[in-house]
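Structure record follows, encoded as structure tokens.
Numbering (the numbering used here), first residue to last: 14 to 331.
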């Protein structure tokens, strides 16, 4: 029997809301801008909050050739090396500035290189203290293309898995989602911004920022596709998409006899997945069988023995 590799992914509804520890000037930088980075040590992991010594940036870039978010290119110095251009200027307690200027000059990059993000970890001069993002993750500043860019402010969402269907925003029909988006035009002016949910227009504005409270009480369980469409005065259009995943009702059902935690091959076409996961609100199975998307058809059933012993399981055919 040919056995395929399956991946289980646990998605928690009770996520943490936080602010990015860096901002920039301009707010939506392109490769052609002179860039300044502002670091707020009270945000992110707060590893440098209250620190009074010198702070340096360990920084590089992600390019089109980077294989993942850890594959930094053109890092300006080794971790323990303090160089003048990496030193931050303190503007007030826990607030700092780093002047990048022209990124190709700063990182010593050839002008033809496709740079996607600037990468940062801030550290004390001896490297013993670190300022990073929440969860001790690296900090990233995306670069935007010249022209028109649409940016989602809230709800917080990620596209690190390629498409929005792989990293939806989980919610229930009792919630209201506050949606805020802005558009930036480098060479023209903003004409309008539209919000569409499942291809139905919910709001439009001729300002450069759109705000809307989306009441989910009338929406169906499963994927609900949200699009922010911006247009400038030159009729250039930019579209941003994200997905709100409204949970199905969780099915409480005992696992079939003989099923153990892990991958249970029933026959050549059927597998039952079982995962021991107490204190999780829900689990979806994702894999190549559903294009690695969070799909309501792959919400796992639960078998609750007691609060400390909960198994999630699902039988997949084909």
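C-beta: ideal position from N, C-alpha, C; glycine also. Remember, predicted model here, so these are calculated numbers, not experimental data.
C-beta contact flag for residue i and residue j at 8 Å
i, j, result
"residue 165", "residue 194", "yes"
"residue 329", "residue 256", "no"
"residue 324", "residue 289", "yes"
"residue 43", "residue 119", "no"
"residue 243", "residue 203", "yes"
"residue 251", "residue 162", "yes"
"residue 235", "residue 316", "no"
"residue 108", "residue 53", "yes"
"residue 225", "residue 259", "no"
"residue 110", "residue 49", "yes"
"residue 314", "residue 262", "no"
"residue 80", "residue 131", "no"
"residue 11", "residue 129", "It is not possible to answer for residue 11, since the shown part of the chain is limited to 14 through 331."
"residue 241", "residue 208", "yes"
"residue 254", "residue 238", "yes"
"residue 305", "residue 268", "no"
Boundaries (first-last residue) of the alpha helix (DSSP H) holding residue i
i, result
"residue 53", "Not the alpha helix (DSSP H): residue 53 falls in the beta strand (DSSP E), residues 47-53."
"residue 118", "116-119"
Start-to-end residues for the beta strand (DSSP E) that takes in residue i
i, result
"residue 146", "It is not in any beta strand (DSSP E) - residue 146 carries neither H nor E in the DSSP assignment."
"residue 324", "322-330"
"residue 166", "161-167"
"residue 317", "314-319"
"residue 228", "222-228"
"residue 74", "68-76"
"residue 244", "235-245"
"residue 298", "297-299"
"residue 80", "No beta strand (DSSP E) contains residue 80, which DSSP labels as neither H nor E."
"residue 280", "275-280"
"residue 105", "102-105"
"residue 190", "189-198"
"residue 283", "283-289"
Beta bridge counterpart(s) of residue i as assigned by DSSP
i, result
"residue 40", "Its beta-bridge partners do not exist; DSSP assigns none."
"residue 184", "259"
"residue 155", "130"
"residue 216", "208"
"residue 112", "49"
"residue 265", "315"
"residue 253", "241"
"residue 135", "70 and 144"
"residue 203", "245"
"residue 86", "74"
Anticipated Cβ contact below 8 Å, residue i with residue j, distance rounded
i, j, result
"residue 276", "residue 286", "6 Å"
"residue 160", "residue 199", "6 Å"
"residue 311", "residue 297", "5 Å"
"residue 247", "residue 41", "17 Å between Cβ atoms; not a contact."
"residue 37", "residue 51", "7 Å"
"residue 179", "residue 74", "Their Cβ separation, rounded to whole angstroms, is 24 Å, which puts residue 179 and residue 74 out of contact at 8 Å."
Between the region 145-162 and the region 57-72, can you find at least three pairs of beta-carbon atoms closer than 8 Å? Of all C-beta pairs linking the region 57-72 to the region 145-162, three or more are shorter than 8 Å, placing the two stretches in contact.
Is the region 216-235 touching the region 182-189, taking contact as three or more C-beta pairs under 8 Å? The region 216-235 vs the region 182-189: in contact.
Is the region 86-101 close to the region 166-176, with three or more CB pairs under 8 Å? Note that the region 86-101 does not touch the region 166-176; fewer than 3 beta-carbon pairs, one per stretch, sit closer than 8 Å.
Whether or not the region 125-137 and the region 202-222 are in contact is what I'm after, with contact meaning three or more pairs of Cβ atoms, one per stretch, closer than 8 Å; do they touch? Short answer: they don't touch.
Decide if the region 89-107 is in contact with the region 33-41; the criterion is three or more beta carbon pairs, one per stretch, under 8 Å apart. Segments in contact, no.
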